[in-house]
Amino acid sequence: MLEVRDVRKSFDGFMAVNEGNLTVERGKIVAVIGPNGAGKSTLFKLITGHLKPDGGSIRYKGEDIAGLPPYTICRRGISLSFQIVNIFHRLSVFDNVQAAILSRQRKTFNLFTPAARLAREETMRIIDAVGLSDRLDAVSSTLAYGDQKVLEIAIALGNDPELLILDEPTAGMSPEETAATIGLIRRLTREMGLTILFCEHDMELVFAIADEIMVMRQGATIIQGPGEVVRADPDVQEAYLGGGH
Amino acid sequence: MSKGVFSPKTWLLLAAAVACMAVAPQFLSRFYTYLISLVLVTGLLAMSLNLVLGYGGLYQFHHAVFYGVGAYTFALMRVKTGLPSIWAYLAAPVAALLLSLLIGWICVRLSKLYFGMLQISLGSLVWAIVYRWYSFTGGDDGIHGVPVPEALSSIDNAYYFTSAVTLVCLFLMYLIVNSPFGRVFQATRDNPERSEAIGVNVKRQQLVGLMVAGFFAGVAGSLFVTIEGSVFPDMMFWTLSLEILIMCLLGGWFSFFGPMLGAAIVVVLRTVMGIHTEYWTLILGVMLMLLIFFLPEGVLGYFTARWGSRRRAAMEDL
Chain A
1 MLEVRDVRKS FDGFMAVNEG NLTVERGKIV AVIGPNGAGK STLFKLITGH LKPDGGSIRY
61 KGEDIAGLPP YTICRRGISL SFQIVNIFHR LSVFDNVQAA ILSRQRKTFN LFTPAARLAR
121 EETMRIIDAV GLSDRLDAVS STLAYGDQKV LEIAIALGND PELLILDEPT AGMSPEETAA
181 TIGLIRRLTR EMGLTILFCE HDMELVFAIA DEIMVMRQGA TIIQGPGEVV RADPDVQEAY
241 LGGGH
Chain B
1001 MSKGVFSPKT WLLLAAAVAC MAVAPQFLSR FYTYLISLVL VTGLLAMSLN LVLGYGGLYQ
1061 FHHAVFYGVG AYTFALMRVK TGLPSIWAYL AAPVAALLLS LLIGWICVRL SKLYFGMLQI
1121 SLGSLVWAIV YRWYSFTGGD DGIHGVPVPE ALSSIDNAYY FTSAVTLVCL FLMYLIVNSP
1181 FGRVFQATRD NPERSEAIGV NVKRQQLVGL MVAGFFAGVA GSLFVTIEGS VFPDMMFWTL
1241 SLEILIMCLL GGWFSFFGPM LGAAIVVVLR TVMGIHTEYW TLILGVMLML LIFFLPEGVL
1301 GYFTARWGSR RRAAMEDL
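Quick mapping for you: the protein sequence lines, in order, are chains A and B.
Using our numbering, the letters of the first sequence map in sequence onto residues 1 to 245.
Using our numbering, the letters of the second sequence map in sequence onto residues 1001 to 1318.
Take a look at the structure:
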């Protein structure tokens, strides 16, 4: 579904990503791991168009999407949930999710229909699915941090993506919130048939839910494969898992 | 949840307001009728600015240009052509909209303060042209004695016309703010990066917002000429832009009616205090300072927040 080959990106001479390689197959949960500064977030932003690659190819469903603007890539079916909470802070929870749905339905230039009547059911379904229905009318900036991260995912779901990219979905969450989020990610693939690409620091979480794991170090892909293969790889053990265990 | 545009209670309030406005000239002197008309026009202008400022988060620092262009278009159509006045009323907002498209198309490439700086320079350019082009615009003299339709020549009739047009404009603005366009426009204000990530073409969304705001500023311009009978380059000088920006902040730029209230405060203050002292802006300055310290969300913003929290508290008590 997604093929990233030898993608490169540098900032002022610093190579954030070189030789980024990644394959994501339909219906799978793929995780990207690597130490801080390995280029995981940069790689995601290259895929979603928030950054333009300096070289290499990014193919989605066989089409080259490298360098397209984010809104175009989003309309092709790739949705990004950000690492830092990135929501519409003056809008209510309902409006946050509805905005994404209205955008997908290409209604953003509809000037005279009351928005309150549109896409209600779908908005409610997503908010129910992520478990925020009791905070429907709350202004999103007043939510607890964990809820804001969940809302972040809900906004991404509003685009009805085929490929959902989650940049550290559980960063800063309490253990309970983390468990709930993992449950949510599993449900999304199983019930909604989503393909998920995510990165995460919590190794246990990664090995527990990912079908495949891609390891990055200093901007380059070391290996991609199922959990046990990655765990057994000597390069990975030395470079990342520290060889300590 | 009600399916209508307004709740029954809001309809009732609206009906009461319209009734008050309808009978007002019977009880007021010509001067006050004129003053209310002026408040409505200025309020409409401030609210059109707030569409992009408060709802779109765009620093449109020189909004008066579109007001001025609307007014000049109206005046020139009346003076230089023999067309019926309806064409002048239609041409004014359209000209302002086209100018917004042109200036906006250039400005949306930049963000935040850079947007504002470019916008103020392009606006000043338009002002300079109008100020210097004696043969066409009358230069710094402006155009006086613009023929207004016979039916609107009395101040009472001009007042009714102004109120009716303003009401229609406010209704349209209310619809727009609560439409899918309005929602997504607010989303681009809160977070442009995220908006792109949900598939919104942010620059195009902003450009359409600017055109809508320019349109209503143009309407306000034509109404001003209807009341006043003249146009002058000061209408598109940057100080007026600053004044309407202050009205938005004063009334509350995150509330729908805030700018109208801000306009009422500034216009009344200028008219009433202006009789006693030429330093009335001093009072405005002190008010602004107090506002920044105590009511950062503006007067109306403050009261809606208080009213909202009291209502929430009451609901939790139930």
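Backbone N, C-alpha and C define an ideal beta-carbon position, used for all residues, glycine too.
Spatial neighbours of phenylalanine 1006(B) in its chain, beta-carbon cut-off 6 Å, leaving aside the 5 residues before and after: none
Buried versus exposed, by CB contacts within 10 Å (16 or more), phenylalanine 1215(B): buried
Buried versus exposed, by CB contacts within 10 Å (16 or more), valine 1168(B): The residue is exposed, with fewer than 16 neighbouring Cβ atoms inside 10 Å.
Classification of proline 1180(B) by the beta-carbon crowding that lies within 10 angstroms, buried from 16 upward: buried
Leucine 1261(B) to glycine 1274(B) span [Cα, whole Å]: 19 Å
Chain B within 9 Å of leucine 2(A), Cβ atoms only: no
Straight-line Cα distance separating proline 1025(B) from valine 1202(B): 45 Å
Exposure label - cysteine 1248(B); buried when at least 16 CB within 10 Å: buried
Chain A within 9 Å of glutamate 1196(B), Cβ atoms only: yes
Beta-carbon proximity list for arginine 1132(B), same chain, < 7 Å, skipping 5 on both sides: Gly1139
Neighbour flag for valine 1165(B) against chain A, beta carbons, 9 Å: No, no contact with chain A.
9 Å Cβ cutoff, threonine 108(A) in contact with chain B: yes
Against chain D: residues of the stretch 1176-1187 of chain B by CB proximity under 9 Å: The displayed structure is made up of protein chains A and B, and chain D is not among them.
Check whether threonine 1239(B) and leucine 1040(B) have beta carbons under 9 Å apart: Taking 9 Å as the cut-off, the Cβ atoms of threonine 1239(B) and leucine 1040(B) do not count as close.
Straight-line Cα distance separating phenylalanine 1254(B) from leucine 1300(B): For leucine 1300(B) and phenylalanine 1254(B), the gap between their C-alpha atoms comes out near 9 Å.
Contacts of glutamate 1193(B) in chain A (Cβ-Cβ under 9 Å): Going along chain A in sequence order, the residues near glutamate 1193(B) (Cβ under 9 Å) are His50, Pro70, Phe82, Asn86.
Inter-stretch contact at 8 Å, needing at least 3 Cβ pairs: the stretch 37-57 of chain A / the stretch 1147-1155 of chain B: no
Other residues of its chain near aspartate 64(A): CB distance less than 8 Å, five sequence neighbours each side excluded: Ser57, Ile58
Through-space distance from lysine 40(A) to methionine 214(A), alpha-carbon basis: 10 Å
Inter-stretch contact at 8 Å, needing at least 3 Cβ pairs: the stretch 114-128 of chain A / the stretch 1217-1230 of chain B: no
Counted within 10 angstroms of its Cβ, other Cβ atoms place tryptophan 1011(B) as buried (16 or more) or exposed: exposed
Proximal residues, the stretch 114-126 of chain A versus chain B, C-beta separation under 8 Å: Pro114, Ala115, Ala116, Arg117, Leu118
Distance, arginine 120(A) Cα to glutamate 311(A) Cα: Chain A is shown only over 1 to 245; residue 311(A) falls outside these bounds and no answer can be derived.
C-alpha gap between proline 1296(B) and glycine 1056(B), whole angstroms: 18 Å
Test item: CB-CB of glutamine 224(A) and threonine 42(A) under 9 Å: no
Within 9 Å, strictly: CB atoms of leucine 1282(B) and isoleucine 1246(B): no
C-alpha distance - methionine 1236(B) paired with leucine 1053(B), whole-angstrom precision: 18 Å
Chain-order list of residues whose beta-carbon lies under 7 Å from that of histidine 89(A) (same chain, five-residue window excluded): Ser140, Ser141
Within the stretch 1006-1083 of chain B, ranges of the alpha helix (DSSP H) (whole runs, at least 4 residues): DSSP runs (the alpha helix (DSSP H)) wholly in the stretch 1006-1083 of chain B: 1008-1027, 1030-1053, 1064-1080.
Close-in-space but distant-in-sequence residues of the same chain around lysine 1003(B) (CB under 8 Å, 5 per side omitted): Because the pLDDT at lysine 1003(B) is just 48, under 50, the model does not fix this residue reliably, and the point stays unresolved.
Three-state secondary structure (DSSP) of glutamine 105(A): coil
Rounded straight-line distance, which links the Cα of alanine 115(A) to that of phenylalanine 1171(B): 15 Å
contact_flag[the stretch 225-234 of chain A, the stretch 195-202 of chain A] where n(CB pairs < 8 Å) is 3 or more: no
Endpoints, alpha helix (DSSP H) assigned at asparagine 110(A): Note, asparagine 110(A): premise wrong, no alpha helix (DSSP H); not H, not E.
Own chain partners of alanine 16(A) with C-beta closer than 7 Å, once the 5 adjacent residues on each side are dropped: Lys9, Ser10, Gly39, Thr42, Gly219
Close beta carbons around glutamate 238(A), own chain, < 8 Å, minus the five adjacent residues each side: none
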